[in-house]
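> The sequence shown maps to residues 565 to 797 in this note's numbering.
Heads up, the beta-carbon is just placed ideally off N, CA and C, and yes, glycines get one too.
One structure follows; several queries about it will come next.
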Amino acid sequence: VYPTYFTAMASTAMDPELDAQLKALRDTMPIKDEYLREMKGILAQIGLEESYVKYLLAVAVGYEVGHLFPAAGTTGCAGLLAAMPNGTVVHGRNMDLEGFQVEVNGTTLYYPEVTVEVLHMRGGRPLFTSVQWPGGVGIHTAMRFDGGWSFEQNTRFHSARKALNHGLDHRSVGFMLSARKVMETTPDFETAVKKLQALNLMAPSYFIVAGAQPWEGVVITMDDGGGREPGTP
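Below, the structure is given as structure tokens:
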């Protein structure tokens with residue numbers, strides 16, 4: 565799946581200007597070296613050149629700039645945050661799976677066929693679990709075990725061109741790699757919420773977060789650029 569997907573992306577999705585901007589974004593956006601090594605490791609494993617890193621970066625900021633590519637999805641997922649009478653918080657979501665299609669050995673695969681659940685380990689112990697798609701290194705749906713909190717991102721429709729400019733001009737970040745860093749480094753709900761609210765994002769988003777303690781749950785309305793626009797709830 566991976567080689568076919570990224571080869572197709574390279575041959576059909578790139579105009580010279582966008583290709584150059586993705587290369588510049590790779591150099592501008594603050595990305596942990598660990599995540600870049602992961603991307604390069606994926607490419608080495610599937611036999612693609614290291615120059616394809618920009619396409620894995622494109623996947624990492626697919627929410628922010630995806631509409632600059634052909635056949636980008638136009639739907640958004642939905643989430644549910646509720647509490648039982650005793651304060652136990654219930655967090656659920658759906659995924660509107662659109663915009664992925666790849667031919668492998670004569671079979672057409674869509675998102676449901678390539679969606680996997682990944683268990684992330686640290687020191688031999690489970691740290692968090694996440695739902696992943698081909699090429700994904702960041703997170704959009706995840707749950708941490710130690711301390712206990714869950715995360716999902718939901719769509720706020722935006723200008724992909726503006727989001728790309730935010731990344732290039734203001735060193736703003738895509739949410740997926742940033743959310744993963746918070747998930748890896750933060751065991752408790754309250755600190756995680758503060759870190760998420762402080763992100764300087766390329767594009768607006770909704771973050772839905774739940775904790776393990778009674779009544780711990782929040783919907784965060786995020787604007788781009790790390791600020792807060794008038795009228796944002």
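Can you list, in chain order, the residues of its chain whose CB lies under 6 Å from that of glycine 699, leaving out five sequence neighbours each side?
Result list for glycine 699: Leu620 and Val623, in chain order.
> Tell me isoleucine 784's beta-bridge partners as DSSP assigns them.
Per DSSP, Phe771.
> Helix, strand or coil for histidine 734 per DSSP?
Of the three classes helix, strand and coil, the one that applies to histidine 734 here is helix, per DSSP.
> Would the beta-carbon of histidine 730 fall within 8 Å of that of proline 768?
In this structure, proline 768 does not lie closer than 8 Å to histidine 730 by Cβ.
> Could you tell me which whole beta strand (DSSP E) segments of length 3 or greater appear in the segment 697 to 762?
Within the segment 697 to 762, the complete beta strand (DSSP E) runs of at least 3 residues are 705 to 708 and 713 to 719.
> Evaluate tryptophan 779 with the Cβ neighbour count: other Cβ atoms within 10 Å of its Cβ, from every protein chain shown; 16 or more gives buried, anything less gives exposed.
By the 10 Å Cβ count, tryptophan 779 comes out exposed.
> Of all the options Glu748, Thr749, Gly775 and Ala743, which has the alpha carbon lying nearest to the alpha carbon of glutamine 761?
When only C-alpha atoms are compared, the closest one is Ala743.
> Quick one: using the 10 Å Cβ neighbour count with 16 as the cut-off for buried, is tyrosine 674 buried or exposed?
Tyrosine 674 comes out exposed.
> Helix, strand or coil, according to DSSP, for proline 778 in the structure here?
Looking at proline 778 - three-state DSSP - the assignment turns out to be coil, as it is neither helix nor strand.
> CA-CA distance, aspartate 788 and leucine 586?
Approximately 19 Å between the Cα atoms of the pair.
> Taking only beta-carbon positions, decide if aspartate 788 is within less than 8 Å of chain B.
The displayed structure is made up of one protein chain only, and chain B is not part of it.
> Which same chain residues, not among the five before or five after tyrosine 770, have their C-beta less than 8 Å away from its C-beta?
For tyrosine 770, where only same-chain residues beyond five positions count, the Cβ hits under 8 Å are Gly643, Gln717, Asn718, Thr719, Arg720, Val783, Ile784, Thr785 and Met786.
> Taking the C-alpha atoms as reference points, what is the distance between glycine 611 and alanine 588?
Their backbone Cα atoms lie some 24 Å apart in a straight line.
> According to DSSP, is proline 580 part of a helix, a strand, or is it coil?
Helix at proline 580.
> Considering just the uninterrupted stretch of the beta strand (DSSP E) at glutamate 681, what are its terminal residues?
680 to 686 is the span of the beta strand (DSSP E), which, as asked, contains glutamate 681.
> How is the beta strand (DSSP E) around glutamate 667 delimited, first residue to last?
Note, glutamate 667: beta strand (DSSP E), 665 to 668.
> Specify the secondary structure class of alanine 647 as computed by DSSP and reduced to three states.
Three-state result, alanine 647: strand.
> Helix, strand or coil, according to DSSP, for valine 623 in the structure here?
Note: valine 623 maps to helix in three-state DSSP.
> Closer than 6 Å by C-beta to arginine 708: which residues in its own chain qualify, once you throw out the five before and the five after it? Chain order, please.
Once the five neighbours on either side are set aside, the close Cβ partners of arginine 708 are Phe692 and Met747.
> Let me make sure I understand the geometry here. Which of Leu607, Phe715 and Asn658 has the alpha-carbon closest to that of threonine 705?
Per the Cα distances, Phe715.
> Just confirm the distance between the C-beta atoms of threonine 672 and glutamine 665, as a whole number of angstroms; I'd bet it's less than 8 Å.
Their Cβ separation, rounded to whole angstroms, is 6 Å, which keeps threonine 672 and glutamine 665 in contact under 8 Å.
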